[in-house]
Every structure is written in structure tokens, then in C-alpha cells.
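Trainee:
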Amino acid sequence: MSRPPSLNATLLRTYTRLHFRSARFYTLLFFYLLLMLLVPALVLTKVSPNPGSASALLAFPVNFFVILATLGSAVLAGDSISQDFSRQGLFTLSQPIARTALVAARFGAAAIAGTTITLVYFAVGAGETYAFYGTTVANYAEIAAFSLLYTLAMISFVMLLSATFYRSQTLSIVISILTIFIFMPIVQAILASKGFEPWPMLTYASGVIDALFSPPYPPHVQSAAGITSYFPTLGEGAAIMAGYVVVSLVLCAAIYRRRELKEV
Amino acid sequence: MDIALDNVSKRFGKHTVLDKVSLNMEGKGCFGYLGPNGAGKTTSMKVLTSLIRPDSGTASINGFNVTKEPTRALKFVGSIVEDPEPYTSMNVREFITFAARIRGVADPHLDELTRVLDLPPLDSRCNKLSKGQKRRVLLGAVVAQDPEVLILDEPTAGLDPKESLIFRNMILSMKKEKLVLLSSHLLYEVTQLCDRVTFIDKGRIIESGGVEELARRFSSKSIRVEFARPLDEAEVAALKQKGIATGYSRESERTYVIDFDGTEEGRERLVEEVVKLHIRTLQDAGLGLEQAYTELMGGKQ
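Those sequence lines, one after another, are chains A and B. The numbering used here puts the first sequence at residues 569 to 832. The numbering used here puts the second sequence at residues 14 to 314.
(1) Residues of the region 650-676 of chain A with a CB closer than 7 Å to any CB of chain E: list them in chain order, please.
(2) Just to make sure I have the definition right: I need the residues of chain A whose C-beta is within less than 8 Å of the C-beta of F111(B). Which are they?
(3) By the three-class DSSP mapping on this structure, what secondary structure does I665(A) have?
(4) Looking at chain A, which residues of the region 54-82 of chain B have a Cβ within less than 8 Å of any of its Cβ atoms?
(5) Here's a check: name, in chain order, each residue in its chain whose Cβ is nearer than 7 Å to the Cβ of R106(B), leaving out the five neighbours to either side.
(6) From K33(B) to I93(B), what does the alpha carbon distance come to, in whole angstroms?
(7) Nearest-angstrom Cα distance between P784(A) and A706(A)?
(8) Quick one: give me the first and last residue of the alpha helix (DSSP H) that V814(A) is part of.
(9) Grouping DSSP H, G and I as helix and E and B as strand, with all else coil, what is E266(B)?
(10) Less than 6 Å between C-beta atoms, sequence neighbours within five positions excluded: which residues of the same chain meet that for Q205(B)?
(11) To the nearest angstrom, report how far apart G171(B) and K144(B) are at their CA atoms.
(12) Using the DSSP secondary-structure output, state which residues sit across from R24(B) in a beta bridge.
(13) Give a single yes or no on whether D297(B) has its beta carbon closer than 8 Å to a heavy atom of the ligand ATP.
(14) Quick one: residues in its chain with C-beta nearer than 8 Å to the C-beta of V203(B), no 5 flanking neighbours on either side, listed in chain order?
(15) Please classify V288(B): is it buried, with 16 or more other beta-carbons within 10 angstroms of its beta-carbon, or exposed?
(16) Could you work out which residues of chain B lie near P786(A), taking near to mean beta carbons separated by less than 9 Å?
(17) Determine, using beta carbons only, whether G171(B) comes closer than 9 Å to chain A.
(18) Considering Cα atoms alone, identify which of Y812(A), L661(A) and A691(A) is closest to M727(A).
(19) From this set, S744(A), T719(A), F714(A) and K830(A), which residue's C-alpha is nearest T801(A)'s C-alpha?
(20) Determine, using beta carbons only, whether L644(A) comes closer than 9 Å to chain B.
(21) Just how far apart, CA to CA, sit Q314(B) and C207(B)?
(22) Evaluate contact between the region 576-590 of chain A and the region 671-686 of chain A, counting only Cβ atoms and requiring at least three cross-stretch pairs below 8 Å.
(23) DSSP three-state label for T858(A), please.
(24) Does Q314(B) come out as helix, strand or coil in the three-state DSSP assignment?
(25) Shortest alpha-carbon distance to S623(A) belongs to which of V607(A), L612(A) and K614(A)?
(26) Rounded to a whole number of angstroms, what is the C-alpha to C-alpha distance between V99(B) and F659(A)?
(27) Listing by chain order, which chain A residues have their CB less than 7 Å from the CB of P133(B)?
(28) Rounding to the nearest angstrom, what Cα-Cα distance links T747(A) and V688(A) in this structure?
(29) In terms of alpha-carbon separation, which member of A228(B), I236(B) and L252(B) lies closest to Y306(B)?
(30) Which one of T56(B), K27(B), G26(B) and C43(B) has the shortest CA to CA distance from I213(B)?
(31) Can you check whether the C-beta of I829(A) is within less than 9 Å of a C-beta belonging to chain B?
(32) Just the C-alpha distance for I777(A) and G76(B), rounded to the nearest angstrom, thanks.
(33) What did DSSP end up calling D272(B) once you bin it into helix, strand or coil?
(34) Using a 10 Å radius around the Cβ and a threshold of 16 neighbouring Cβ atoms, would you call L185(B) buried or exposed?
(35) For a test of the three-state rule: what should DSSP assign to L195(B), helix, strand or coil?
(36) What's the C-alpha gap between F593(A) and A681(A)?
See the structure below:
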């Protein structure tokens, strides 16, 4: 008789499979592709003129990526922890599985789904530019890599919110969106106005993606009219995003371990 | 195989749900856990399955503290507590196989489970199943995990008679090899399945003992007699006058419920006398465990 796969492999494979058969995965993929294919479709149908360069063709989908990835991550991972506090959790949480293993598997599965969508998005983008101009934009691989890292950071951050606001999947999704689009930019602006570098904000790090797409890359520190402003370096941007992945997952696991399933 | 709760207390806000509950169950067999709604049965089972933590006291399975070493303790346990749901986007085969694999069981013996539990088609999506089918799939998952200890919280609640029978047969079969902790509102089910029973009310253990022992201790002090002919009430009244019966009530012209002093001798004397009046049937008027439940819980259902 063959040995069953390890517990971690079983969890990761199962949760990944659930993502890949969910309607939300294909809905997200559809919207990502719609955005990426919108400009070429308008050009091919002669609704819009040819933008004339690879960077102009990709300007809209790349500039819009941070918003798209934020929404996409909220949808992919918004209920990753809160669903364990539903009736399904009565089964899951009474199994001999460490909650850290569940967090790791849930993150791994959402990360694989998010990575798949992001890579398809950028692969299609590359295909478009090669089809139209026989080349693509400079730094395209770096842009895609940072976009992927931002997606992973967002997924882990949304999981942290899902563990915190575990009673409602909708609430965790809404709060993650509000945090990224309202709370973080406000805090970032306040820190910047006080002359502090807003490195704790993921939105600050996400500026790397647009900056890579629109060279020249801004200097780390700029002073004008007595105001000092900051822009993340590539290394700093990567470190902030990676830090979000690690810190969010550690906090998520710590909160999740303390949670009880009193009511479903 | 053992399950233990040692002075376990749990509060939800100001409400004490478990108040220094201590329980100890060892060896194979089926242990009934009885009490009215809100008595603390489900909370006890949630503590034992690590779904909630006790405020004080310890819960252990096979000697492993459920709170401190949940993965070790829960390796021995298969459970259906409250009303769990299988993963809705999996089909039956996938869910049971998943349940088995997370316990390191390579082959969940799906064909045998399908036959014994009358599982729905294995390719059916779990979100398309009825409540009874979902419950059978969950039982299939628990059986596939082959645990030493089963914790079942009102497993037949809301099921139709056929589905309930499948559950009862499975429990009867499993209790030969495993320790089963069963909560139920159905006293006949507990009588049929359990060897021992514990009563809990308002978060406190009221009574524990063997089912037969408790049934005997709380057995009825009345017998119901169906006579072979319509009986003149005066003949029954005479039993009371002789001091053999302590009272009686007439249910029909042939059937009477006759009370006695509750002793074994008193019962024997009463039976001797009524037999002389030509009877068709005779039985205890109370139902043993039901009588115990009623007396211990003050009539709560």
C-alpha cells in the first residue's frame, strides 16, 4: 500500500485545488485579462489609435495593477481564516493539525492562485507588446517580479485582517480594501508631511512598480521648498513587501492560534 | 483509551457554561452524555476537541492535555460536534479521502463505507447534499480516520429514521473496539447504545453510572397491567386496602396503572396478587432511564 502524502502537502494541495475550482478565481482571472486586453482590443477594432510604443500600450494595465492586486488579494484571501470559524471549521479545527500549518497551507494556496493570475497577466502583457512592436518595455521582468511580491504581501496582509475580523468574511474584505486605499495613504501622507520616511506603509513600497515602469527612477530622498520627500529604493521596496509577508503571517498565526469556535 | 475532564470551568461573558466539570471515561464502550439544552454538553465536547479552551481545569485524551498538546491529543479523536459541514466545493470522495489523509490513512475504504453508511454517490458535490447525507459523509470521514475515541454530539438530530438507524448501527459496531462519547436527547437511543451515562445540568455533573444501574435505581414505582377481562374497579381497590398497592389509576376497563412502595418485595407481592386476577400483559409503568432523567432534571426535556 502506498504511503499517503505528508500532512502539509495534503493541506496545500487540497486548499490550492479549492482555489482553482472556485468561481472567484476564474472571475478574477477574467477581470485581469479584460484589463490587460482592453487597449489592444480597442486598437485592433480601430476604436483607439495605436499607442505607438510598448510602454504606452501597457501604461494602463501596469499603472492599474496595484489597485487590481489589492482587490484581487482581498477576494482571494479575505475569507481564508474567517471560513474556519464557520460550520466547516467545526471539522477543520477539531483535527490534529497545528493552526500554524493551516495558516501556512492557506497562504500557500492563495499565493499559488495569486501568482498564477499575476503571471498570466504579465505574460499576456508581454505577448501583446511583442505582437504589436516586436519588443517589450524595459525592466518588464522586474516590474512583474515586484508586482508578484506586492500580490504576496497583500495576500498575507489580507489574511491577517481575516484572522482579526474573523466573524465576517465580507468585513475582512472591506477592511482590507479601506486600509489600503484610505488608511495607508493617509498615514503615508501624514508621515511624509512630518518629514518621516513612510516605510511601514505597503502603499509606499508599491510605488516601486510605477517608478520602474516610468523611468528615470526617482532618487531616494528629495528636498524642495524645505520639504523632504522619500521614495523607496528597489531594495527597500522589496524588503518592505517581504516584511509584510513575514510579519503578517506571524501575526496571523498568533491571532489564529488564540481564536475559539464558540458559535457558528 | 480515555477521556477526562478535570474541574473544567468555562464562562461565556457572565454566563457560566461549565462549572468545575469532572468526567472520566476509560476503555471501550459507549458513554452517554445527557442533559437539557444549554446544560453544557456541546461546550464540554468543544473543550475536548480543542474548539474552545477551558477557563480553568484540564481536558485530556489518552493522557494528552487537549489545550497544551492539541495535535497529540486529537490524533486519537474523531468527532462530530454541533453541526459541522464538509467542504462544500469538494465531492464526497475527495472529502473523505482528505479526512483520511490528514490522519495518515492512505486508503479510506470508500466502497465499504458507501455500503455500510449508504453514502450518496461519491462524485456528488458536498454543497448539493441534504442534511442527512452531509451527516453521513461526515461520519464516513470520521470512520475513515479510524480514531480510537469518537465524540458525537447529537449525531442523529434532524435525521430521518433510516439515517438514524445507520448511525446507531455504526455506533453499536464501533463501541466494541473504541470509546464513544455520545450526547443525545433521545433516551431510547442512549438506552440502546450506551453502557454508562452522565447527566449534566446548568454546567454541573448531576449523576453518573451504568445505564442499567441508573435505570434500576430510578425505576418506576408503578406497573401497568392489562387484564384478560374487564375488571371491576373494586377488585383493584381491594389491593390497596390490603396494603399491597399504594394507589392506582384506571386507563381503560381492562388496563390499570397500580402503584407500590417501590421495593422489590413490594413489587413481587403486587405481581403475585394481580396474576391471580388473570392478566394479559404486565410491565413497569416507567421507562427506567427516562424516569432517572425526569427526576434528575426536574422534568426538563
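Each residue gets a CB set at the ideal place from its N, CA and C atoms; glycine is no exception. All values reported here derive from a predicted model rather than from experimental measurement.
Mentor: So, to answer that:
(1) Among the chains of the structure shown, chain E does not appear; the protein chains present are A and B.
(2) T578 and T582
(3) coil
(4) K59, T62, S63, L64, I65 and R66
(5) L123, L135 and D136
(6) 24 Å
(7) 11 Å
(8) L802 to R826
(9) coil
(10) none
(11) 8 Å
(12) T29(B)
(13) In terms of ligand content, the structure shown is empty, and the ligand ATP therefore cannot be addressed.
(14) G45, L47, L195, S197, V210, V224 and L302
(15) exposed
(16) Under the 9 Å cutoff, chain B gives no residues; its nearest Cβ is about 45 Å from P786(A).
(17) no
(18) Y812(A)
(19) F714(A)
(20) no
(21) Residue placement at Q314(B) is poorly supported in this model, since its pLDDT is 46, which falls under 50; the coordinates still yield a value, given next. Approximately 19 Å between the Cα atoms of the pair.
(22) yes
(23) The structure shown does not extend to residue 858(A), since chain A spans only 569 to 832, so no value can be given for it.
(24) Low local confidence applies: a pLDDT of 46 at Q314(B) is under 50, so the model's placement there is unreliable, and no value is given.
(25) V607(A)
(26) Looking at the sequence itself, residue 99(B) is Pro, so the reference to Val does not match. The alpha-carbon atoms of P99(B) and F659(A) are separated by roughly 7 Å.
(27) By Cβ distance, chain A contributes nothing, its closest Cβ being about 17 Å from P133(B), past 7 Å.
(28) 27 Å
(29) A228(B)
(30) T56(B)
(31) The displayed chain sequence assigns Leu, not Ile, to residue 829(A). Chain B contact via Cβ: present.
(32) 55 Å
(33) strand
(34) exposed
(35) strand
(36) 7 Å
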